[in-house]
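Residue numbers (our numbering): 27 to 411.
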């Protein structure tokens with residue numbers, strides 16, 4: 027028995043393909059092709075022969091960037107992938123894929139084909155994050171990866187910051203199976219002068235709100251602040267910072283806070299011909315900045331500031347939900363709460379839920395913010411003058 031165990035340990039890699047014969051895909055970018063009826067697929071991979079131990083970013087070197095991209099167009103995603111594989115010297119592997127970016131044109135015609143392929147590809151991680159590009163997804167690859175080695179790593183770190191929606195492929199498949207809607211973080215793309223690139227105008231990408239989907243198709247967007255409130259309700263935010271106009275009368279100013287804890291609860295209230303969702307937000311925060319002449323440590327000023335921050339959060343969530351109602355997209359999947367509490371009523375509403383949500387659903391939003399700490403300074407600089 028001991029000799030058998032030792033032999034097992036000496037057998038090496040269980041895979042039939044050596045690691046040197048693999049190319050690990052780091053990013054997966056999907057667009058609608060210029061050829062009618064075709065999809066355009068782009069993958070990005072790291073280049074081991076250009077990676078050095080001292081290299082910290084992928085801005086380029088004398089040998090070129092440490093990553094490459096390949097683009098092919100075909101009738102279906104598997105066929106496009108086959109065309110890409112035909113041009114590579116190594117076998118494609120999905121072991122390190124953590125980012126999928128979908129272009130706006132492709133998203134508007136629906137994600138069903140993408141999800142169909144993902145669902146049938148056993149080696150593709152369902153925890154892979156998905157983002158929506160406002161233009162072409164493959165344009166994002168042009169961004170300058172100042173702090174990371176490749177554009178895909180930059181996008182991955184965007185999501186890991188937990189500043190907006192952390193939607194992954196599993197979330198989309200769950201929504202697809204249950205017939206629910208969803209929201210995905212949107213990317214914007216532009217060019218700016220960068221010090222790291224000798225002040226040359228260089229391409230860069232950033233997050234810019236969220237894309238709303240109805241029945242698997244992109245139908246509209248919400249702003250960054252509204253998207254953050256949707257993420258708050260989904261419990262996806264981590265230490266979010268908000269800057270809010272505060273003050274009373276002539277003393278107008280602003281307060282910036284960072285939340286150490288955020289929480290949300292949703293309770294549906296069933297009425298004769300409508301449903302009203304009571305959404306309560308709670309957060310504990312530390313004061314980062316107070317541009318106001320009043321003494322915020324005074325209870326009256328503090329409580330007023332907390333109320334104004336609470337109202338700011340409630341207003342932006344209300345705007346986000348108003349946009350989802352206008353577009354008929356139940357992006358927060360509130361229908362699930364109806365199904366859990368009134369399964370028989372849900373059976374009657376399910377087929378027409380999007381239309382019902384658009385006209386017969388209302389919201390009561392209440393936010394409660396508590397400032398737990400003032401940091402190391404209790405007096406505003408403006409009050410010291």
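Backbone N, C-alpha and C fix where the C-beta goes; we use that ideal spot for every residue, glycine too.
Straight through space, the alpha carbons of residue 324 and residue 280 are spaced by roughly 16 Å.
Secondary structure note for residue 53: its beta strand (DSSP E) is the uninterrupted segment 48 to 58. The alpha helix (DSSP H) runs lying completely inside the segment 337 to 374 and spanning 4 residues or more are 361 to 367, given in chain order. For residue 117, the closest C-alpha among the options 200, 63, 48 and 330 is that of 48. With fewer than 16 neighbouring CB atoms inside 10 Å of its own CB, residue 148 falls in the exposed class. According to the DSSP assignment, residue 261 belongs to no beta strand (DSSP E), since it is labelled neither H nor E. The residue among 347, 314 and 355 with its C-alpha nearest the C-alpha of residue 397 is 314. The segment 351 to 368 makes no contact with the segment 270 to 290, as fewer than three CB pairs between them are under 8 Å. Taking a C-beta distance under 9 Å as the contact criterion, residue 157 and residue 213 qualify as a contact pair. Judged by beta-carbon spacing, residue 95 lies within the 9 Å limit of residue 164, meaning their Cβ atoms are closer than that value. Between residue 239 and residue 399, the beta carbon gap of about 39 Å keeps them out of contact (Cβ cut-off 8 Å).
Contact holds between the segment 254 to 265 and the segment 177 to 195, because three or more Cβ pairs, one in each stretch, are under 8 Å apart. Linking residue 344 to residue 205 through their CA atoms gives a straight-line distance of about 24 Å. Proximity of the segment 102 to 109 to the segment 164 to 181 falls short of the contact definition, fewer than three beta-carbon pairs being nearer than 8 Å. In the DSSP assignment, residue 312 forms a beta bridge with 284 and 399.
Uninterrupted alpha helix (DSSP H) stretches at least 4 residues long and entirely within the segment 101 to 159 occur at 103 to 112, 130 to 135 and 138 to 146, given in chain order. In the structure shown, residue 317 falls within a strand segment according to DSSP collapsed to helix, strand and coil.
Here the alpha carbon of residue 75 sits roughly 45 Å from the alpha carbon of residue 358.
Ranked by Cα distance from residue 360, the options 342, 384 and 340 are led by 384. According to the DSSP assignment, residue 70 belongs to no alpha helix (DSSP H) but to the beta strand (DSSP E) extending over 65 to 72. If you check the CB distance, residue 73 and residue 97 do not come in under 9 Å. With contact defined as three or more Cβ pairs closer than 8 Å, the segment 385 to 395 and the segment 325 to 342 are in contact.
For residue 307, the three-state secondary structure derived from DSSP is strand. Using a Cβ distance threshold of 9 Å, residue 311 and residue 286 count as a contacting pair.
Of all alpha-carbon atoms in 297, 329, 309 and 272, the one lying nearest the alpha-carbon of residue 263 is that of 309. Where residue 271 is concerned, the enclosing beta strand (DSSP E) starts and stops at 267 to 274. Look at residue 177 here: in three-state DSSP terms it is helix. Residue environment for residue 114: exposed (fewer than 16 other C-beta atoms within 10 angstroms of its C-beta). Each residue's CA atom was taken as its position, placing residue 306 and residue 185 some 25 Å apart. The C-alpha of residue 322 is placed about 46 Å away from the C-alpha of residue 129.
With 16 or more other Cβ atoms inside 10 Å of its own Cβ, residue 252 counts as buried. Rounded to the nearest whole angstrom, the CA to CA distance from residue 341 to residue 276 is 23 Å. The beta carbon of residue 180 sits closer than 6 Å to the beta carbons of 171 and 174 from its chain, once the five residues preceding and following it are set aside; these are given in chain order.
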